[in-house]
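Chemist: In our numbering, the protein residues as written are 20 to 611.
Ideal Cβ placement from N, Cα and C applies to all residues, glycine included.
Model, not experiment: these values are computed from the prediction.
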Ligand code: ARG
């Protein structure tokens, strides 16, 4: 049975590319598999452009093709284009660029169709069914720092974009819950709490301080160190008491992490390093049988072409490390979970680790050689969060920034701003709190996502909570304003969607309509290149283009015979904005 999605022809750009593909086959029948090069141009000649003519000309000239030069190739591409409802007119410019002007009628109809059938019908269709997004991934008993916050925010957005695209996403929290440090932590726990089961979060207080104190003890007292090393062996041997102490320490950390996830509204499934531990020996054995593992200075390593240092997979003391775990986890994700795209979100500092272990996986034949085919592993790196002083972000007194405190401050500040706007009298306490959360947490997320993730950015509450400029606050308010205009019109939008007719008569209406229709290709691009800032740019531009339409007296609503149509266009803008917020993990607000 055909579902709604089967009828979906893909983004605007993809639909045009299909038409040009047909034309190219007719224009140059001897050239096989010419990929249509179609790009939005927003120039005065058209909305989109096909740029194949010049490249084709250099391929075919002198081979007896019936053209005199690139403009003639462009002319032929234009003439061979199948007729389509989408296209109003075509022209050839310069050295063979084929410009397309889209049909206003078709554009208006497509937007109205989306309003009736829902924005999900505009979801892109990526070439994978299952993906793993490995993100957040803090370490047990250590601080969850701003780097983990970035990973959480970026990873959640990528997961949301893939989920919107109907991909089954395994949201994996690859927590650091294994390793020799647990021997020391467990021994210290036994020492401090002879009845260690009593060591709840409240009893321990700050787990990081606990970590530091146990490390001090470990470094200072050889007898303690000896016991700690024994504890690792007993933990790894699966001895009950040790397993329980370990589980307890993990649980305390988890409660702390959860406070951050709960505020951000982020959902993750924990499969920590310990989960993959039993798989490591088998995986290394298999790599060994393939002849990939060599001995180097007592360690077992895999050499990677072009990189001086090898990837250590078994340390010289026989223990496993970060890379061994990652190899086992990748094996598991590919073979047990059947993931076709595995995405890792960490700071750029770990780039070399990922680069090396992806290359090792390619050598083993787990992943194809090129980067364009699947299954695929991608490292999504990001830069630092800086303080006002240009150095790594820290708070005034403490060394580290407690993420919970940071998020709470964003909420407190947005609440104060709402009170200042006089909402204290108008709204219930509950409304104030939920709006303050939406705005405060949204501001933190957006300030992070709007930059290209590879660049460092400066954390600044005043800037991110400003209601002007490219901020979540500005965008959330813009959305709330559109909603209130629609509410005040008193019209039944459901009825209007089906009975009214959307028309893109004025230039500002057409510009807005075109931008709305480009939503699908923008999500596709953000998803393919794993760049959330592409979606943020789109959202910000949407609200600017909307403003232009809204403030133009020629596009007024009340009393105009275009009232219905313009209300529908406003509604379509609100729907697309909301989907952008949703994909960015930001909760929309409806009134201000
Ligand atoms: N726990 C690591 C850290 O805090 C991040 C883990 C990322 N994921 C992975 N599969 N290596 O740096």
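1. Are there three or more Cβ pairs, one per stretch, closer than 8 Å when the region 305 to 323 is compared with the region 357 to 366?
2. Please go through the same chain and pick out, in chain order, the residues whose beta-carbon is closer than 7 Å to the beta-carbon of residue 253, but skip the five residues on each side of it.
3. Any idea what DSSP makes of residue 307, helix, strand or coil?
4. Can the beta-carbon of residue 119 be found closer than 8 Å to that of residue 158?
5. Would you decide whether residue 527 is buried or exposed? Buried here means 16 or more other CB atoms lie within 10 Å of its CB.
6. So what's residue 618 in DSSP terms, helix, strand or just coil?
7. If you measure from the CB of residue 1, is any heavy atom of the ligand ARG nearer than 7 Å?
8. Cα separation between residue 161 and residue 226?
9. Using only the heavy atoms of the ligand ARG, determine whether one of them is closer than 7 Å to the beta carbon of residue 365.
10. May I have a chain-ordered list of the alpha helix (DSSP H) segments no shorter than 4 residues that lie completely inside the region 537 to 566?
11. With a cut-off of 8 Å, does the C-beta of residue 256 fall near any C-beta of chain C?
12. Quick check on this structure: which residue in 165, 28, 174 has the alpha carbon closest to the alpha carbon of residue 152?
13. Please look up how many angstroms separate the CB atoms of residue 554 and residue 541, rounded, as I've assumed it's under 8 Å.
14. Thinking C-beta only, is residue 172 closer than 8 Å to residue 615?
15. Taking just the CA atoms, how far does residue 170 sit from residue 402?
16. Is residue 396 helix, strand or coil when you go by DSSP?
17. What is the rounded straight-line gap between the Cα of residue 427 and the Cα of residue 230?
18. Just to confirm, does residue 498 get its C-beta within under 7 Å of one of the non-hydrogen atoms of the ligand ARG?
19. Whole angstroms is fine: what's the gap from residue 562's alpha carbon to residue 501's?
20. Looking at residue 193 and the ligand ARG, is the gap between the Cβ and the nearest heavy atom below 7 Å?
21. Which runs of the alpha helix (DSSP H) fall wholly inside the region 482 to 532 and span at least 4 residues, in chain order?
22. Which of the three DSSP states, helix, strand or coil, is assigned to residue 271?
23. Residue 380: beta carbon under 7 Å from a heavy atom of the ligand ARG?
24. Go ahead and pull the three-state DSSP assignment for residue 67.
25. Is the beta carbon of residue 93 less than 8 Å from the beta carbon of residue 111?
26. Assign residue 551 to buried or exposed, taking buried as 16 or more other Cβ atoms, counted over all protein chains shown, within 10 Å of its Cβ.
27. What I want to know is whether the C-beta of residue 196 ends up closer than 7 Å to one or more non-hydrogen atoms of the ligand ARG.
28. Please say whether residue 283 and residue 460 have beta carbons closer to each other than 8 Å?
29. From the DSSP output, read off the bridge partner residues of residue 108.
30. Are there any heavy atoms of the ligand ARG lying less than 7 Å away from the beta-carbon of residue 455, as far as the coordinates show?
31. Should residue 603 go down as buried or exposed, given a rule of 16 or more other Cβ atoms within 10 Å for buried?
32. Among the residues of its own chain, which have a CB less than 6 Å from the CB of residue 36, if the five just before and after it don't count?
33. Please state the DSSP three-state secondary structure of residue 335.
34. In the DSSP assignment, find the alpha helix (DSSP H) that holds residue 102 and state where it starts and stops.
35. For residue 278, I'd like the list of residues in its chain whose CB is within less than 6 Å of its CB, leaving aside the five on either flank, ordered along the chain.
36. What do you reckon, is the C-beta of residue 348 under 7 Å from a heavy atom of the ligand ARG?
Modeler: The answer reads as follows:
1. No, the region 305 to 323 does not touch the region 357 to 366.
2. Leaving aside the five residues that flank residue 253 on each side, the residues in its chain whose CB is nearer than 7 Å to its CB run, in chain order, 261.
3. In this structure, DSSP gives residue 307 a helical state, which the three-state scheme calls helix.
4. No, the pair does not count as a contact, with Cβ atoms beyond the cut-off.
5. Only buried fits residue 527, as 16 or more other CB atoms lie within 10 angstroms of its CB.
6. Any property of residue 618 remains undetermined from this structure, which presents the chain solely from 20 to 611.
7. With the chain covering only 20 through 611, there is no way to say anything about residue 1.
8. Rounded to the nearest angstrom, the two C-alpha atoms are 7 Å apart.
9. Yes, Cβ of residue 365 sits closer than 7 Å to a heavy atom of the ligand ARG.
10. The alpha helix (DSSP H) runs of length 4 or more contained entirely in the region 537 to 566 are, from start to end of the chain, 538 to 547.
11. No chain C appears in this structure, which consists of one protein chain only.
12. Closest option to residue 152, Cα to Cα, is 174.
13. Distance from residue 554 to residue 541 at the Cβ level is roughly 6 Å; contact confirmed, criterion being Cβ atoms closer than 8 Å.
14. Here the chain has residues from 20 to 611 only, and residue 615 is not among them.
15. Distance between the alpha carbons of residue 402 and residue 170: 10 Å.
16. Three-state DSSP puts residue 396 in a strand.
17. C-alpha separation (whole angstroms): 25 Å.
18. Judged by the Cβ position, residue 498 fails to qualify as a neighbour of the ligand ARG at the 7 Å threshold, every heavy atom of the ligand being at least this far.
19. Roughly 10 Å separates the two Cα atoms.
20. Under cutoff, so the answer is yes.
21. With a minimum length of 4 residues, the continuous alpha helix (DSSP H) runs that stay inside the region 482 to 532 are 491 to 508, 512 to 518.
22. Three-state result, residue 271: helix.
23. Checking the Cβ of residue 380 against the ligand ARG gives no.
24. Strand, per DSSP.
25. Yes. Within cutoff.
26. Per the 10 Å Cβ criterion, buried.
27. The answer is no for residue 196.
28. Closer than 8 Å, so yes.
29. Residue 108 is bridged to 120.
30. False, no ligand heavy atom lies under 7 Å from that Cβ.
31. Counting of Cβ neighbours within 10 angstroms places residue 603 among the buried residues, the total reaching 16 or more.
32. Hits under 6 Å: 55, 57.
33. Per DSSP, reduced to three states, the secondary structure at residue 335 is coil, with no helix or strand assignment.
34. Annotation for residue 102: no alpha helix (DSSP H) segment contains it, and DSSP assigns it neither H nor E.
35. Taken in chain order, the residues that qualify are 423.
36. Checking every heavy atom of the ligand ARG against the Cβ of residue 348, one is found closer than 7 Å.
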